[in-house]
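Working notes, beginning with the structure itself.
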Amino acid sequence: MVEQESKLIGMIYDAALDETRWSDVLAELVVYTESKTAIFVSLDQLNPEYDFVYSHQIPEVGLAAYQDERVKVIDMRLHTPLWQEVGVGGVINMDLSGYASMPQSSDEFIFYDKCLKPTEVYYITAVLLDAGQYRWGVLGVHRAVSKYNQRELDILRRIGTHLRRALQIHRQLSLVKQKNQDLYRLLNCLKIGMVLLDQNAQLIYSNQQAQKIIEKSKLIQIDQFNRIKILKEFQMELNQYIQSALFYDQLQSDLSQLEASSIGGVLALIDKQSEQKLMLSVVPFAKILYQTKAGEQIFRKAAIFITETNQYIELAAVYLKQAYMLSNREVQICELFVNGYNLEEIAEQRGLTLNSVRTYFKQIYAKTACKTQAELMKLLMSTTVVFEHIA
């Protein structure tokens with residue numbers, strides 16, 4: 000047993016560097032656990048280039064459904080409560096035969112009809128390798144009869160440790176191979192969220208700020224087809240903005256005149272419970288960069304900028320120091336000022352007396368040549384940071 004498991008672990012790290020070997024890994028695992036089929040899945044809706052599905056002895060019809068119909072997203076949402084109980088590295092042991100008797104419109108029946116029925120497996124054990132609101136990684140093995148015993152569950156748990164490391168290696172290699180990686184690295188420096196959509200309006204990239212916003216917000220979601228979903232009353236408007244941003248050149252040929260304001264658009268979203276406010280700005284994204292040879296298809300892209308309008312505003316401190324000779328303390332006071340703090344609140348935040356704050360403002364007005372609060376606010380808002388400079 001130890002020799003067989005050591006062999007399997009070695010095969011896993013070989014496959015992490017050469018993806019063509021994953022079929023051998025899964026075949027070996029099926030034999031080792033006395034299973035019928037196996038599947039290894041990584042899903043990241045916010046960075047789809049990381050996605051993969053490897054399988055052993057699963058019919059083509061089942062795999063086609065799992066990929067083309069986005070059943071893997073249904074799988075993720077359906078079984079998330081189970082994974083939350085065991086956590087990353089945990090193993091679940093399930094009898095899914097009951098899914099066949101569920102209503103045909105239910106996620107359970109869809110999963111049964113698309114995945115379980117073609118393969119004729121109902122007993123599943125799986126180890127969770129990665130988890131998040133829009134991502135997961137899972138290795139599963141399946142058989143037609145009888146649940147897995149504790150020895151087999153322990154095997155999968157031990158193997159899971161090495162599969163998690165292999166998944167990390169895969170992500171690093173995917174980043175290296177990824178097209179436009181320099182562009183994506185640059186977009187990650189933006190202080191506002193940005194997602195890119197392909198010509199089917201499906202999300203193909205999101206920068207780090209967008210990922211943070213989407214993960215925590217109830218105002219914007221990603222559906223099983225990797226499309227942006229927002230409040231129902233604004234969804235049609237957003238879809239129109241996206242289509243105009245993707246196909247504005249075709250619209251222009253169909254209409255005698257197309258105003259620039261008709262391309263893309265801006266939406267305001269408000270969550271009354273959390274008081275979160277988002278502004279979505281939809282724009283075309285340089286389709287000329289994706290044009291190949293003359294006569295071939297143009298690959299269209301649209302971008303959505305996601306701004307948290309009530310987030311804390313940061314000022315370009317270095318610029319203010321260089322351009323207006325403001326001190327560190329004066330920059331700190333200016334930043335509190337643009338974020339809506341009054342004189343008393345600024346004094347409390349910075350541990351100063353009210354008179355000291357007034358003195359600082361007199362110095363700031365003199366250095367910036369501003370005469371009113373409105374003038375100072377306008378100047379400071381023009382120096383807000385939307386890009387994080389790399390040291």
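According to numbering that gives the first Met the number 0, the stretch in the sequence shown is residues 0 to 390, in order. By construction, the Cβ of each residue, glycine as well, lies at the ideal position given by its N, Cα and C atoms. Here the structure is a predicted model, which means the values were calculated and not measured.
- Message: On the DSSP letters alone, give me the boundaries of the alpha helix (DSSP H) that D50 sits inside.
- Response: Against the sequence shown, residue 50 aligns to sequence position 51. If you look at D50, you'll find it isn't in any alpha helix (DSSP H); DSSP assigns it neither H nor E.
- Message: Counting C-beta neighbours from all protein chains within 10 Å, is the total for S145 16 or more, i.e. buried, or is it exposed?
- Response: Taking the first residue of the sequence shown as 1, we reach residue 145 at position 146. Around the beta carbon of S145, fewer than 16 other beta carbons sit within 10 angstroms, so the residue counts as exposed.
- Query: Between which two residues does the beta strand (DSSP E) carrying Y204 extend?
  - Reply: Taking the first residue of the sequence shown as position 1, residue 204 is located at position 205. From DSSP, the beta strand (DSSP E) with Y204 extends over 202-205.
- Item | D181, DSSP secondary structure in three states | Counted from its first residue, the sequence shown places residue 181 at position 182. Helix at D181.
- Item | Identity of the residues DSSP links to M93 by a beta bridge | Working through the sequence shown from its first residue, we reach residue 93 at position 94. Per DSSP, I123.
- Query: Is S104 helix, strand or coil when you go by DSSP?
  - Reply: Residue numbering aside, residue 104 sits at position 105 when the sequence shown is read from its first letter. Annotated three-state conformation of S104 is coil, per DSSP.
- Item | Cutoff 6 Å; reference Q44; Cβ partners in own chain excluding five residues on either side | On the sequence shown, residue 44 is found 45 positions in, with the first residue counted as 1. Cβ neighbours of Q44 beyond the five flanking positions: Y133, I221, N225.
- Query: Can you list, in chain order, the residues of its chain whose CB lies under 8 Å from that of C369, leaving out five sequence neighbours each side?
  - Reply: Within the sequence shown, the letter at position 370 stands for residue 369. Counting only Cβ-Cβ distances below 8 Å, and skipping sequence neighbours, we find I363, L375, L378.
- Task: Please go through the same chain and pick out, in chain order, the residues whose beta-carbon is closer than 7 Å to the beta-carbon of L166, but skip the five residues on each side of it.
- Result: As a first step, residue 166 must be located in the sequence shown, where it is residue number 167. For L166, where only same-chain residues beyond five positions count, the Cβ hits under 7 Å are S41, L128, D129, G136.
- Item | Selection from L277, F298, S216 that minimises the alpha carbon distance to F284 | The residue you call residue 284 lines up with position 285 of the sequence shown. Measuring C-alpha to C-alpha distances from F284 to each of L277, F298, S216 identifies F298 as the nearest.
- Task: Would you kindly report the start and end of the unbroken beta strand (DSSP E) that includes Q372?
- Result: Here the question's residue 372 lines up with position 373 in the sequence shown. Taken as a continuous stretch (DSSP letters only), Q372 belongs to no beta strand (DSSP E), being part of the alpha helix (DSSP H) at 372-380.
- Message: Using 9 Å as the threshold, is the C-beta distance between L245 and L279 below it?
- Response: Taking the sequence shown and counting its residues from 1, the one referred to as residue 245 is at position 246. Taking the sequence shown and counting its residues from 1, the one referred to as residue 279 is at position 280. In this structure, L245 lies away from L279, with their beta-carbon atoms at least 9 Å apart.
- Query: Is the number of C-beta pairs between the region 88-105 and the region 51-58 that are closer than 8 Å three or more?
  - Reply: Touching, no, given that fewer than three Cβ pairs across the two stretches are closer than 8 Å.
- Quick one, which of L351, S105, E313, G339 has its alpha-carbon nearest T382's? Residue numbering aside, residue 382 sits at position 383 when the sequence shown is read from its first letter. Distances from the alpha-carbon of T382 to those of L351, S105, E313, G339 put E313 closest.
- Segment limits, alpha helix (DSSP H) that includes S216: Here residue 216 corresponds to residue number 217 of the sequence shown, with the count starting at 1. It is not in any alpha helix (DSSP H) - S216 carries neither H nor E in the DSSP assignment.
- Applying the criterion that 16 or more other CB atoms from any shown protein chain within 10 Å of the CB defines a buried residue, is S100 buried or exposed? Within the sequence shown, residue 100 is the residue found at index 101, counting from 1. Exposed: under 16 other Cβ atoms inside 10 Å.
- So L16 is in the alpha helix (DSSP H); what residue range does that whole segment cover? Residue numbering aside, residue 16 sits at position 17 when the sequence shown is read from its first letter. Where L16 is concerned, the enclosing alpha helix (DSSP H) stretches over 1-16.
- Message: Excluding the 5 residues flanking Q275 on each side, which residues of the same chain have their C-beta closer than 8 Å to its C-beta?
- Response: Within the sequence shown, numbered from 1, the residue matching residue 275 stands at position 276. Only S216, K217, L218, I269, E307, N309 meet the Cβ criterion.
- Since T124 and E151 are thought to touch, with beta carbons under 8 Å apart, how far apart are those beta carbons, to the nearest angstrom? Against the sequence shown, residue 124 aligns to sequence position 125. Against the sequence shown, residue 151 aligns to sequence position 152. Between T124 and E151, the beta carbon gap of about 7 Å places them in contact (Cβ cut-off 8 Å).
- Message: Taking the straight line between their C-alpha atoms, what separation do you get for D112 and F336?
- Response: Translated into the one-based positions of the sequence shown, residue 112 becomes position 113. Translated into the one-based positions of the sequence shown, residue 336 becomes position 337. Approximately 59 Å, taken between the alpha carbons.
- Task: Would you mind reading off the limits of the beta strand (DSSP E) that contains K276?
- Result: What you label residue 276 is simply residue 277 of the sequence shown in a count that begins at 1. From DSSP, the beta strand (DSSP E) with K276 extends over 275-283.
- Query: Leaving out the 5 sequence neighbours to the left and right, which residues in its chain are closer than 7 Å to Q256 when beta-carbon positions are compared?
  - Reply: One-based indexing of the sequence shown puts residue 256 at position 257. Reliability of the predicted coordinates at Q256 is poor, the pLDDT of 45 falling under 50, and no value is obtained from them.
- Three-state secondary structure (DSSP) of I191: Here residue 191 is taken as the residue at index 192 of the sequence shown, counted from 1. I191 falls in the coil class under three-state DSSP.
- Please state whether DSSP places V72 in a helix, a strand or coil. Taking the first residue of the sequence shown as 1, we reach residue 72 at position 73. Look at V72 here: in three-state DSSP terms it is helix.
- CA-to-CA distance, V30 to I11, given in whole angstroms: Taking the sequence shown and counting its residues from 1, one reaches residue 11 at position 12. Taking the sequence shown and counting its residues from 1, one reaches residue 30 at position 31. Between I11 and V30, the C-alpha separation is close to 15 Å.
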